[in-house]
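Trainee: In the working numbering, the protein residues as written are 1 to 296.
Each residue gets a CB set at the ideal place from its N, CA and C atoms; glycine is no exception.
Computed from a predicted model, the values in this text were never measured in an experiment.
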């Protein structure tokens with residue numbers, strides 16, 4: 001088996017249908033299998049997949065397990081030489097999946113790779129970042145990117161100087177279309193399920209690079225991404241709470257107790273800013289990480 005495609009779905013049935021239709025219609029020249037993990041969507045997604053895509057392996061959870069714990073059961077079952085974690089709102093353009101497999105076969109040093117991610121209008125969606133540092137994440141928690149996205153630590157974190165026209169080694173690639181070799185998975189292990197949502201693919205890239213492996217951005221293929229449609233359904237402060245929880249764990253895991261303590265102390269202020277955001281959104285433009293610009 002060349003490729004295992006793993007899609008974790010939560011309440012985006014129509015986008016999932018479009019995603020699967022694209023995968024099956026456009027992928028050729030490789031043997032592939034598809035796993036759909038539904039995190040208790042309750043919107044008819046499970047029934048739709050069973051009815052319209054019976055060739056896919058369907059895993060229906062009775063509660064929302066999050067991204068890491070959602071992917072891991074499928075990762076255990078997958079038999080492909082390569083695996084791709086594909087968001088339900090991410091649609092491969094043309095034969096993108098086979099093109100990425102060919103790229104990784106031709107470049108054996110590439111352990112993890114991400115394709116060019118594009119917006120619905122065809123523009124390039126920023127999908128590369130440098131690894132988080134305590135300082136950059138404190139600034140993100142305090143929403144400083146809305147006021148000064150070009151501030152040094154933020155500019156480095158968001159990789160605003162990155163050239164998306166060229167393949168290059170990077171720290172991390174976006175989890176919307178995340179390719180990894182089977183032998184790398186066997187070496188560094190599954191996703192850390194203590195991350196519910198956010199930072200889990202960052203942690204995976206960090207573990208790979210700490211093991212001496214290479215992560216690459218590879219614009220040989222394109223994937224169209226809607227930009228986090230599942231979690232746009234979640235109320236802002238709730239998203240902030242989940243992000244802060246994952247951030248605290250990431251800081252503790254990779255930087256130690258001092259970094260964990262600092263971001264923990266800032267959690268109440270970060271939550272207050274999340275609650276205030278709707279009231280001040282017309283006064284302070286919101287930074288859009290999917291386009292690296294500020295929104296009105």
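In whole angstroms, what is the alpha-carbon distance linking residue 127 and residue 89?
Mentor: Working through the chain shown from its first residue, we reach residue 127 at position 127. Working through the chain shown from its first residue, we reach residue 89 at position 89. Rounded to the nearest angstrom, the two C-alpha atoms are 15 Å apart.
Trainee: Roughly how many angstroms lie between the CA atoms of residue 203 and residue 172, to the nearest whole one?
Mentor: Along the chain shown, one-based indexing puts residue 203 at 203. Along the chain shown, one-based indexing puts residue 172 at 172. Computed Cα separation, rounded: 9 Å.
Trainee: Between the Cα of residue 226 and those of 119, 275, 72, spot the shortest distance and give me the residue it belongs to.
Mentor: Here residue 226 refers to the residue found at position 226 of the chain shown. The residue with the shortest Cα to Cα distance from residue 226 is 119.
Trainee: Can you tell me whether residue 1 is helix, strand or coil according to DSSP?
Mentor: If you number the chain shown from 1, residue 1 lands on position 1. In this structure, residue 1 counts as coil in the three-state DSSP scheme.
Trainee: Would you kindly report the start and end of the unbroken alpha helix (DSSP H) that includes residue 68?
Mentor: Along the chain shown, read from residue 1 onward, the residue named residue 68 stands at position 68. 66–77 is the extent of the alpha helix (DSSP H) around residue 68.
Trainee: My understanding is that residue 35 touches residue 56, with C-beta atoms under 8 Å, so please give their C-beta distance in whole angstroms.
Mentor: Along the chain shown, read from residue 1 onward, the residue named residue 35 stands at position 35. Along the chain shown, read from residue 1 onward, the residue named residue 56 stands at position 56. Contact flag correct, Cβ pair sits at about 7 Å.
Trainee: Do you know how far the Cα of residue 30 is from the Cα of residue 296?
Mentor: Working through the chain shown from its first residue, we reach residue 296 at position 296. Working through the chain shown from its first residue, we reach residue 30 at position 30. The predicted model places residue 296 with a pLDDT of 34, which falls under 50 and marks its position as unreliable, so this point remains unresolved.
Trainee: Cutting at 7 Å between CB atoms, please list the residues of its own chain near residue 191, excluding the five before and the five after it.
Mentor: As a first step, residue 191 must be located in the chain shown, where it is residue number 191. Only 68, 71, 72, 200, 204 meet the Cβ criterion.
Trainee: Given that a residue counts as buried once 16 or more other Cβ atoms are within 10 Å of its Cβ, and exposed if not, what is residue 123?
Mentor: As a first step, residue 123 is located in the chain shown; it is residue number 123 there, counting from the start. Exposed, by the Cβ-count rule.
Trainee: I think residue 5 touches residue 37, with their Cβ atoms under 8 Å apart; what is that distance to the nearest whole Å?
Mentor: If you number the chain shown from 1, residue 5 lands on position 5. If you number the chain shown from 1, residue 37 lands on position 37. Residue 5 to residue 37, Cβ: 11 Å. No contact.
Trainee: Could you tell me whether the Cβ atoms of residue 19 and residue 91 are closer together than 9 Å?
Mentor: Your numbering for residue 19 matches position 19 in the chain shown. Your numbering for residue 91 matches position 91 in the chain shown. Taking 9 Å as the Cβ cut-off, residue 19 and residue 91 qualify as a contacting pair.
Trainee: Helix, strand or coil: which one does DSSP assign to residue 198?
Mentor: Residue mapping note: residue 198 aligns to position 198 of the chain shown, counting from 1. Reduced to three states, the DSSP call for residue 198 is coil.
Trainee: With DSSP collapsed to three states, give me the class of residue 158.
Mentor: Locating residue 158 in the chain shown gives position 158, where the first residue counts as 1. If DSSP states are grouped into helix, strand and coil, residue 158 belongs with coil.
Trainee: Can at least three beta-carbon pairs, one atom from the stretch 36–51 and one from the stretch 167–181, be found at a separation below 8 Å?
Mentor: no
Trainee: Could you check if residue 129 is buried or exposed, using at least 16 other CB atoms within 10 Å of its CB as the buried criterion?
Mentor: As a first step, residue 129 is located in the chain shown; it is residue number 129 there, counting from the start. Within a 10 Å sphere around the beta-carbon of residue 129 sit 16 or more other beta-carbons, which makes this residue buried.
Trainee: Output needed for residue 276: all residues of its chain with C-beta closer than 8 Å, excluding positions within five of it in sequence on either side, in chain order.
Mentor: Working through the chain shown from its first residue, we reach residue 276 at position 276. If we look at residue 276 and ignore the five residues flanking it on each side, it has no Cβ neighbours.
Trainee: May I ask you to report which of helix, strand or coil DSSP gives residue 26?
Mentor: Counting from 1 along the chain shown, the entry for residue 26 is found at position 26. Residue 26: helix per DSSP, three-state reduction.
Trainee: Cβ of residue 113 within 9 Å of Cβ of residue 104?
Mentor: By one-based count along the chain shown, residue 113 stands at place 113. By one-based count along the chain shown, residue 104 stands at place 104. A contact, by the Cβ cut-off of 9 Å.
Trainee: Taking the straight line between their C-alpha atoms, what separation do you get for residue 218 and residue 168?
Mentor: Position 218 of the chain shown, counting from 1, holds the residue named residue 218. Position 168 of the chain shown, counting from 1, holds the residue named residue 168. Their backbone Cα atoms lie some 7 Å apart in a straight line.
Trainee: As an exercise, report each continuous beta strand (DSSP E) stretch of at least 3 residues that is fully enclosed by the stretch 36–124, in chain order.
Mentor: Runs of the beta strand (DSSP E) lying entirely within the stretch 36–124, each at least 3 residues long, are 57–61, 82–86, 90–92, 110–118 in chain order.
Trainee: Could you check where the alpha helix (DSSP H) with residue 320 kicks off and where it finishes?
Mentor: The displayed coordinates of the chain run from 1 to 296. Any statement about residue 320 would go beyond what the structure contains.
Trainee: Please classify residue 130: does DSSP put it in a helix, a strand, or coil?
Mentor: Indexing the chain shown from 1 puts residue 130 at position 130. In the structure shown, residue 130 sits in coil (DSSP, three-state: anything other than H, G, I, E or B).
Trainee: Which residue comes first and which comes last in the alpha helix (DSSP H) that contains residue 184?
Mentor: As a position in the chain shown, residue 184 is number 184, starting the count at 1. Counting along the chain, the alpha helix (DSSP H) containing residue 184 begins and ends at 182–188.
Trainee: Might you give, ordered along the chain, the residues of its own chain that have their beta carbon closer than 8 Å to the beta carbon of residue 166, omitting 5 neighbours on each side?
Mentor: Here residue 166 refers to the residue found at position 166 of the chain shown. Result list for residue 166: 219, in chain order.
Trainee: Answer yes if the stretch 234–247 comes into contact with the stretch 259–271, meaning at least three C-beta pairs across the two stretches below 8 Å, and no otherwise.
Mentor: yes
Trainee: Please determine, among 146, 28, 136, the residue with the shortest C-alpha to C-alpha distance to residue 102.
Mentor: One-based indexing of the chain shown puts residue 102 at position 102. Of the candidates 146, 28, 136, the one whose C-alpha sits nearest the C-alpha of residue 102 is 28.
Trainee: Nearest to residue 133 by CA position, among 262, 182, 195, 64, is which residue?
Mentor: Along the chain shown, one-based indexing puts residue 133 at 133. With distances taken between Cα atoms, residue 133 lies closest to 262.
Trainee: Taking its Cβ as the centre, do 16 or more other Cβ atoms sit within 10 Å of residue 106, making it buried, or is it exposed?
Mentor: By one-based count along the chain shown, residue 106 stands at place 106. The residue in question, residue 106, is exposed, as its Cβ has fewer than 16 Cβ neighbours within 10 Å.
Trainee: Identify the continuous beta strand (DSSP E) that holds residue 143 and give its terminal residues.
Mentor: Here residue 143 is taken as the residue at index 143 of the chain shown, counted from 1. First-last for residue 143: undefined, no H or E at that position.
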